[in-house]
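Enquirer: This is the structure I want to talk about, given as C-alpha cells.
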Amino acid sequence: MKAAVLGATGFTGRLVAAELFRRDVDAVLLGRDEKALSAMDGARDVRVVSLVDPSSLVGALRGCDVVISCVAPFTLLGGPIVEAAIAASCNYVDVTGEQRWVRRVYDEFGPRAAAAGVTLMSAATDDGVPGDLVAGLVAKRLVDVDTLRVHHGMFDAGISRGTMLSFGHMAASPPLAWHDGEWRETDSGAREAVDFPHDGEQPSWALPGPELIMLQRHAAARTIEATMNVDLVAAVSSLDDDVIAAAPAGPSDEERSASRFTILAEARASDGTTARGHVSGSDPYGSTALIAVEAATRLGARGAPVGAVPPSLAFEPVEFLDALTPFGIKWQLGN
Ligand SMILES: NC(=O)c1ccc[n+]([C@@H]2O[C@H](COP(=O)([O-])OP(=O)(O)OC[C@H]3O[C@@H](n4cnc5c(N)ncnc54)[C@H](OP(=O)(O)O)[C@@H]3O)[C@@H](O)[C@H]2O)c1
C-alpha cells in the first residue's frame, strides 16, 4: 500500500509521516519545499506539489492508495486537494478540526467521490474519530434518542501554530448543531458545567464539533451538539498575527506528553433514560497522527464504502477503538 502525506513538513504532517515510517508503510512525502521534504528522516519518495497547479497534485497522487492531508487552514486551502484525490482515484483522509470544512467535504465532495469510487474521511483526529465512534455507540444503547452531546475536554494542552490559524476559521462562524431535522447556527457562549470522568466538573462552551457532521449521518437524535472546556472565541481573541508568528511550530515533546484529552458522549432518550461513554488519551497531536494513519491504512487497503464516510460506517467501531488501546487511548461505555 502506498500512502501520501500532504503538508508533510508541517507540525502534524511530520508526526503522520513518522507514524507511517514506524509501520513500514510505503510513504510519499508531498509539499511545496523540496529541500525540507528531502531532509526529513526516512524520506525516500518526495514529490513537490502546488495547490494552485491541480495537475501537480493529481500527478503526485496517481498510484497512491490514500492521501492524508495536513495542509491548513482547510477552509481556505482544502478544496484543490480533495478535487485532486477524486481525479486521481486516491482515497482521502484529513486531520481537520474545522466543522464548516467537514460539512463541505460531506455535502459538496461526498457525492462526487462516491461517483468516482473514492472514500473521503475528514477529521481523522484525536477527537473527530473517537467522537464519532463513541457517541455512535452511546446512541445505540438507547431507544428514541432526544439529545446526543459530545463534550471535548482538553487538559494542559498546548496548541500548534497551524491549530491557531484553524481556530480563527472555526471561530469565524457560529457553531452548527443539529436540531429537529436541520443544521442550526447556535450561539458560541457558555453552557452547563460537564462532569468529566477523571477530571470532575468542568466549565463548557458551545463548540463547532467536526464529529457532529458525521454523527448526523448515522445517529438518529433530535438534537446533536458539542461543547469544549475551553472558550474557543476567547482563545482566538488572544491570538493576533504577531502572537501566531512568534509562537513555536507546536508544543514541545514534554508538553505533548503532559497534555491529555477526553471525549465524553452523553445521550438522553425521550423517556429520560441516559447513556454515557468516553475516550481518553494523552498527546493530542501524536494521537491524531496515530488515528489518521490507522484510518488511512484501513481505507488504503480498500473495501470501505465510497463517498464521504463517517468512521462509524467505514469501520467496526469497537474493533477500531480497541486497536487504539495498546497506544494508551482508552475507551469505556457506561454511566
Ligand atoms: N484534533 C484536531 O482537531 C487536530 C489535531 C491535530 C492537527 N489538527 C489540524 O491540522 C492542521 C495542521 O496543523 P499543523 O500544526 O500541522 O500546521 P502547520 O505546522 O502550520 O502545517 C501546515 C502545513 O500546510 C502547508 N501549507 C500551508 N499553506 C500552504 C500552501 N499555500 N501551499 C502548500 N502547502 C501549504 C505547510 O507547508 P510548509 O511546511 O511548506 O509551510 C505545512 O506543511 C491544523 O488545521 C490543525 O488544527 C487538528
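By the UniProt record's numbering, the letter at position 329 of the sequence shown is numbered 329, and the numbering carries on one by one without gaps.
Where is the CB? At the ideal position from N, CA and C, for every residue including glycine.
1. Provide the residue span of the beta strand (DSSP E) that contains A269, from first to last.
2. Is it right to say G63 is buried, meaning 16 or more other beta carbons lie within 10 angstroms of its own, or is it exposed?
3. Would you check if there are 3 or more beta carbon pairs closer than 8 Å linking the segment 198–209 to the segment 227–244?
4. Once you ignore the five residues that flank E185 on each side, which residues in its own chain have a CB closer than 7 Å to its CB?
5. Excluding the 5 residues flanking A84 on each side, which residues of the same chain have their C-beta closer than 7 Å to its C-beta?
6. What are the boundary residues of the alpha helix (DSSP H) that includes E294?
7. Give me the Cβ distance between L29 and V46, rounded to the nearest whole Å; I'm assuming they're in contact under 8 Å.
8. Measuring only the C-alpha atoms, how far is R222 from A275?
9. Out of curiosity, what's the CA-to-CA distance linking A304 and D242?
10. Can you check DSSP and say which residues form a bridge with Y332?
11. Closer than 7 Å: is that where the CB of Y285 sits relative to any heavy atom of ligand 1?
12. Taking just the CA atoms, how far does E34 sit from S280?
13. Check the C-beta distance from V145 over to A269 and give it rounded, since I have them as a contact under 8 Å.
14. Going by DSSP in three states, M214 sits in which element: helix, strand or coil?
15. Just to confirm the assignment, what range does the beta strand (DSSP E) spanning S204 have?
16. Put A172 into one of helix, strand or coil per three-state DSSP.
17. Just checking L212 against ligand 1 - is the residue's beta carbon closer than 7 Å to any of the ligand's heavy atoms?
18. When every heavy atom of ligand 1 is checked, does at least one fall within less than 7 Å of the C-beta of R103?
19. Tell me where the beta strand (DSSP E) around T147 begins and ends.
20. Could you check where the alpha helix (DSSP H) with D132 kicks off and where it finishes?
21. Look at V16 and A292 and say whether their C-beta atoms are less than 8 Å apart.
22. Would you check whether ligand 1 has a heavy atom nearer than 7 Å to the C-beta of P73?
23. Just to confirm, is the Cβ distance from G209 to A190 under 8 Å?
24. Helix, strand or coil for F315 per DSSP?
25. Say yes only if the C-beta of A249 is nearer than 7 Å to one or more non-hydrogen atoms of ligand 1, and no if none qualify.
26. Between which residues of its own chain and W101 is the CB-CB distance below 6 Å, once the five residues before and five after are set aside?
27. Hey, which unbroken runs of the beta strand (DSSP E) at 3 residues or more fall wholly within the UniProt domain "Saccharopine dehydrogenase NADP binding" (5–121)?
28. Is V318 near L264, with beta carbons less than 8 Å apart?
29. If the criterion is Cβ atoms closer than 8 Å, does the pair T12 and A289 meet it?
30. Are the CB atoms of L137 and L333 within a distance shorter than 8 Å?
31. Does the beta carbon of residue 344 fall short of 7 Å from some heavy atom of ligand 1?
32. Where DSSP assigns a beta bridge to E182, which residues make up the other side?
Expert: Considering the structure as presented:
1. Taken as a continuous stretch (DSSP letters only), the beta strand (DSSP E) holding A269 covers 260–269.
2. exposed
3. Yes: the two stretches touch, three or more of their Cβ pairs being nearer than 8 Å.
4. P174, L176
5. P54, L57, V58, L61
6. Run containing E294: 284–300, per the alpha helix (DSSP H) assignment.
7. 5 Å
8. Distance from the CA atom of R222 to the CA atom of A275, rounded to whole angstroms, is 16 Å.
9. 44 Å
10. One point to set straight first is that residue 332 is Gln, not Tyr, in the sequence displayed. Answer is H278, bridged to Q332.
11. yes
12. S280 and E34: Cα-Cα distance of roughly 37 Å.
13. The pair is a contact, with the Cβ atoms about 6 Å apart (cut-off 8 Å).
14. helix
15. Secondary structure note for S204: its beta strand (DSSP E) is the uninterrupted segment 200–206.
16. The DSSP-derived three-state label of A172 is coil.
17. no
18. no
19. That run of the beta strand (DSSP E) goes 145–155.
20. Per DSSP, the continuous alpha helix (DSSP H) segment holding D132 begins and ends at 128–140.
21. yes
22. yes
23. The answer is no: Cβ separation not under 8 Å.
24. coil
25. yes
26. F74, T75, G78
27. Whole beta strand (DSSP E) segments, 3+ residues: 26–31, 45–48, 66–69, 91–94, 119–121.
28. no
29. Judged by their CB atoms, T12 and A289 are nearer to each other than the 8 Å cut-off.
30. In this structure, L333 places its C-beta atom within 8 Å of the C-beta atom of L137.
31. Shown here, the chain extends from 1 to 335; a query on residue 344 therefore has no answer.
32. H179
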